[in-house]
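Taking the numbering used here, the leading residue of the sequence shown gets 1, the next gets one more, and so forth.
Think of the CB as a built atom: it goes at the ideal place given N, C-alpha and C, for glycine as much as any other residue.
As the structure is a prediction and not an experimental result, all values here were calculated from the model.
I have placed the structure first, in the form of structure tokens, so that the comments after it can refer back to it.
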Amino acid sequence: MQVCRSEHVFIILSQENKKNSKELRKRCLKCEMDIIHINSKFVSGFVAMVIAACVLNFHRAVGLLVISLVTMFFLVWDWMMERYSDWVWEVLAPIRVALTRNWIIYMLLLVAVACWLALDTAQRGTRQLVSFFGLLLFIFLMLLFSKHPFRWSWRTLLCGTGLQFIFGLLILRTTSGLSALKWLGNQAEMFMSFADVGSKFVFGDSYTDHLFVFRVMPILVFLSSVISILYYVGFMPWLICKIGFIMQVTMGTSATESMAAAGNIFLGNTDSPLLIRPYISELTVSEIHAVMTGGFASISGTILGAFISFGVEASHLLTASLMSAPASLAIAKMFWPEKEASIKTSHHDLKMDKGGSQNMLEAASQGASRAVGLVANIIVNLIAFLALLAFFDAVLSWLGGMFDCPQLSFSLICSYVFMPLSFMMGVSWEDSFIVAELIGIKTLLNEFVAYQKLSELIKRRKAGGPEYVNHVKQYISVHSETIATYALCGFSNFAALGMSIGGLSAMAPDRRSDISSCGLRALIAGSISCFMTACIAGDSLLFFASIFPFCP
């Protein structure tokens, strides 16, 4: 009798659980429908707003339209991959297999591109040919001194340099691309000018009297706060994932190194590894080398703002940051090819941290606070490096005076040592010594000092003074300034080498020896990546200038 009563109670409870589960499913379904309904209204309203803006003034609304279309494309892609990823990869499988195995395709593409560029540049002039052969020289040197010769991948090499060429052709060789680049640069300059409001309030109307500390450095604080907000809302991780996914699919690199290379477009050489911090201990040596190379081949978004405030062309700095990402992966995998199997091969295996902020205000505050150390580090290093440079110049001048060469200086030595590199990038012979000096200062001292010297050259040219004073060139051409802008756009110097080794070793103490062994090679590879980007920019800009001579 007791057993029957227990069974009866169990049946009643199971029936009640079924009713509760049905009600719960109905509530969940209703919530999902409500969310879909709200999202559909939001999307409809946003589309109506974009259409209205285009109808009122299409030229004014082009930026909003492009951003909306790109965002819509990636949202639809995410929706498709979430529901039909297996089907999509199955459809794309034959293409991926062909790209992986048929190396003859890469050889034919390489020959076709090389022939077309050679013929095209030959028609435009010898200076373009110098940039083209300079690019081939840098690639040859990387292959010649590769850690594991004949183990590098054709796919990574050609797709990496191919993406560079595509960016260069679309952005620098077309009127619409150059117009879009100019527009983007103007928007960046306008956006960073909002930092002046805070500077004026804190330091007073005379804050421009001390331009570097009271105007340039606050831009870093402002941009750091903005990037922190973008992390909190999830936009920055989403964008980095998309760029990393594109490079991974096209170049055949692993998810971790592709993600780090994409992060270097916006973050610094010590911040981008934080994106893959949980996986650094599991990286292969080649992947560690690729992560470090990407950090040396680009600059962070916050530092970019400081260089723009120097008077360097914003559009070229933005393009250099974008073009260096695939180049750094291609060069890294040539200079230290992969011999081990990567653990993280898919971007689905990675989980990105969006930060520990509880709300947007806290994210903004934390971003501004994090910039304090960066600002202090930049200021004290500039004081130290400029003082040391002046001291070295005085010592060298004193020693040189004993041999009737009082003009001997650190800059003079750099100009002769790095002159072949600058000339092979397409810089004219008379400007190659000055650009070589900038490359030497950036490599041996600091990129801030190099860009500060470049800004002085730009100001002298715009002032319209004499080109030569006592047979000494006072400024360089716009073309040489542009090539220098691309060549200097990276953290590839010995100070950054120590920071990179220290930062990665702190994240993965058990890999300290591997990280240290990769350091010098990664520094060289990062520098070559910047030089390759400068070669492509020099080749493309001469083409554009020959068609539109009124454009600087």
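Bridge partners - residue i, DSSP secondary structure assignment
{"i": "Val469", "result": "Val472"}
Where residue i sits in the DSSP three-state scheme
{"i": "Arg151", "result": "coil"}
{"i": "His620", "result": "This structure cannot settle anything about residue 620, because the visible part of the chain is limited to 1 through 552."}
{"i": "Asn493", "result": "coil"}
{"i": "His37", "result": "helix"}
{"i": "Asp271", "result": "coil"}
{"i": "Ala537", "result": "helix"}
{"i": "Glu90", "result": "helix"}
{"i": "Ile299", "result": "coil"}
{"i": "Ala52", "result": "helix"}
{"i": "Gly177", "result": "helix"}
{"i": "Gln407", "result": "coil"}
{"i": "Gly425", "result": "In the sequence as displayed, the identity of residue 425 is Met instead of Gly. Met425 falls in the coil class under three-state DSSP."}
{"i": "Lys339", "result": "coil"}
{"i": "Phe266", "result": "coil"}
{"i": "Phe310", "result": "coil"}
{"i": "Phe165", "result": "helix"}
{"i": "Ala508", "result": "coil"}
{"i": "Arg60", "result": "coil"}
{"i": "Phe140", "result": "helix"}
{"i": "Phe531", "result": "helix"}
{"i": "Phe46", "result": "helix"}
{"i": "Phe74", "result": "helix"}
{"i": "Ser517", "result": "helix"}
{"i": "Ser500", "result": "helix"}
{"i": "Phe548", "result": "For Phe548, the pLDDT reaches just 40, beneath the cut-off of 50, and the residue's location in the model is therefore unreliable, leaving the point undetermined."}
{"i": "Ser321", "result": "helix"}
{"i": "Leu542", "result": "Summary for Leu542: the model assigns pLDDT 45, below 50, so the residue's position carries little reliability; its value from the coordinates is reported in the next sentence. Helix at Leu542."}
Continuous alpha helix (DSSP H) stretch holding residue i: start and end
{"i": "Arg215", "result": "Here Arg215 belongs to no alpha helix (DSSP H), and DSSP marks it neither H nor E."}
{"i": "Ser286", "result": "Val285 to Phe296"}
{"i": "Tyr279", "result": "It is not in any alpha helix (DSSP H) - Tyr279 carries neither H nor E in the DSSP assignment."}
{"i": "Phe433", "result": "Trp429 to Leu444"}
{"i": "Lys459", "result": "Glu447 to Ala463"}
{"i": "Arg360", "result": "Rather than Arg, the amino acid found at residue 360 in this sequence is Met. Where Met360 is concerned, the enclosing alpha helix (DSSP H) stretches over Met360 to Gly401."}
{"i": "Leu414", "result": "Inspection of the sequence shows that residue 414 is occupied by Cys rather than by Leu. Phe410 to Val417 is the extent of the alpha helix (DSSP H) around Cys414."}
{"i": "His479", "result": "Val478 to Leu488"}
Nearest neighbour of residue i, chosen from the options [CA to CA]
{"i": "Met507", "options": "Ser298, His316 and Ser272", "result": "Ser272"}
{"i": "Ile515", "options": "Ala525, Leu504 and Leu523", "result": "Leu504"}
{"i": "Leu317", "options": "Ala330, Ser298 and Phe138", "result": "Ser298"}
{"i": "Phe335", "options": "Lys41, Phe140, Asn39 and Ser131", "result": "Phe140"}
{"i": "Tyr231", "options": "Gly198, Met217 and Leu274", "result": "Leu274"}
{"i": "Gly538", "options": "Trp79, Asn186 and Leu169", "result": "Leu169"}
{"i": "Tyr447", "options": "Lys147, Ile246 and Phe494", "result": "Strictly speaking, residue 447 in this sequence is Glu, with Tyr absent from that position. Nearest option by C-alpha distance: Phe494."}
{"i": "Leu374", "options": "Gly490, Gln187, Leu223 and Leu454", "result": "Leu223"}
{"i": "Leu143", "options": "Val427, Ala330 and Val66", "result": "Ala330"}
{"i": "Ser300", "options": "Phe266, Glu82 and Pro337", "result": "Phe266"}
{"i": "Phe132", "options": "Glu82, Leu421, Leu64 and Val249", "result": "Leu421"}
{"i": "Gly188", "options": "Thr302, Val427 and Ala390", "result": "According to the sequence shown, residue 188 is Ala rather than Gly. Nearest of Thr302, Val427 and Ala390 to Ala188, Cα basis: Thr302."}
{"i": "Phe145", "options": "Lys333, Glu467 and Met217", "result": "Lys333"}
{"i": "Leu211", "options": "Asp196, Val221, Ser492 and Ser225", "result": "Asp196"}
{"i": "Pro509", "options": "Phe307, Arg277, Asn377 and His59", "result": "Arg277"}
{"i": "Phe194", "options": "Val226, Pro406, Thr485 and Thr156", "result": "Val226"}
{"i": "Leu184", "options": "Lys473, Leu157, Arg460 and Thr319", "result": "Thr319"}
{"i": "Val449", "options": "Asp431, Cys489, Ile476 and Glu313", "result": "Cys489"}
{"i": "Ile524", "options": "Val417, Ala534 and Leu497", "result": "Leu497"}
{"i": "Ser415", "options": "Ile439, Gly244, Gly400 and Met425", "result": "Ile439"}
{"i": "Val216", "options": "Met192, Val233 and Val202", "result": "Met192"}
{"i": "Val395", "options": "Phe385, Leu386 and Pro406", "result": "Pro406"}
{"i": "Phe392", "options": "Leu239, Leu445, Met425 and Gln358", "result": "Leu445"}
{"i": "Asn377", "options": "Ala314, Ser365, Leu220 and Ile528", "result": "Leu220"}
{"i": "Met501", "options": "Phe491, Ser492 and Arg512", "result": "According to the sequence provided, residue 501 is Ile. The question's Met does not apply to it. Looking at the Cα atoms, Arg512 is the closest of the given residues."}
{"i": "Glu456", "options": "Asn470, Glu467 and Tyr475", "result": "Tyr475"}
{"i": "Gly426", "options": "Ala487, Ala384 and Ser397", "result": "Ala487"}
{"i": "Leu75", "options": "Leu239, Met323 and Leu399", "result": "Leu239"}
{"i": "Ser428", "options": "Thr482, Met360 and Gly401", "result": "Thr482"}
Whole alpha helix (DSSP H) elements within the region 183-253, 4-residue minimum: 195-203, 217-233 and 235-251
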